[in-house]
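Numbering (the numbering used here), first residue to last: 1495 to 1588.
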Amino acid sequence: MPAYPNIPAIAEFLPGYEAITWYGIGAPKGTPAAIIDKLNAAVGAAIADPDTEAHLAKLGFETKPMKPAEFGKLLADETEKWGKVVKFAGIKME
1495 MPAYPNIPAI AEFLPGYEAI TWYGIGAPKG TPAAIIDKLN AAVGAAIADP
1545 DTEAHLAKLG FETKPMKPAE FGKLLADETE KWGKVVKFAG IKME
């Protein structure tokens, strides 16, 4: 993490380990692409603002704007990865 450059990453001790925290904005299924693109552009512009980016960095956040398709892939990849963990651990809903 850029905010903590002297703290080693857990992957240095457990090769292949990756757990990230991420935030995103979603819209209901069927939202027109033009609206999705407009929201994506507005959010991208907001987090690209130097003051906003600096403030988020002070809080330990690293911004990574994505296009809707990239975010969809992130969601799919994370669902697959953590689904394997849930199955392996035998976690059941209560």
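Here a beta-carbon is modelled for each residue, glycine too, at the ideal position from N, C-alpha and C.
Residue interval of the alpha helix (DSSP H) (run including residue 1534): 1527-1542
Cβ-based neighbour list, residue 1534, same chain, cut-off 7 Å, excluding 5 preceding and 5 following: 1561, 1562
C-beta contact flag for residue 1559 and residue 1570 at 9 Å: no
One question on the structure: do residue 1504 and residue 1513 come within less than 9 Å of each other, judged by their Cβ atoms? yes
Within-9 Å CB hit, residue 1510 to chain B: Within the model displayed, chain B is absent; a lone protein chain is all it includes.
In its own chain, which residues sit with a C-beta less than 6 Å from the C-beta of residue 1497, not counting the 5 before and 5 after it? 1554
Alpha carbon of residue 1508 to alpha carbon of residue 1520, nearest angstrom: 32 Å
Rounded separation between residue 1527 and residue 1517 - CA only: 21 Å
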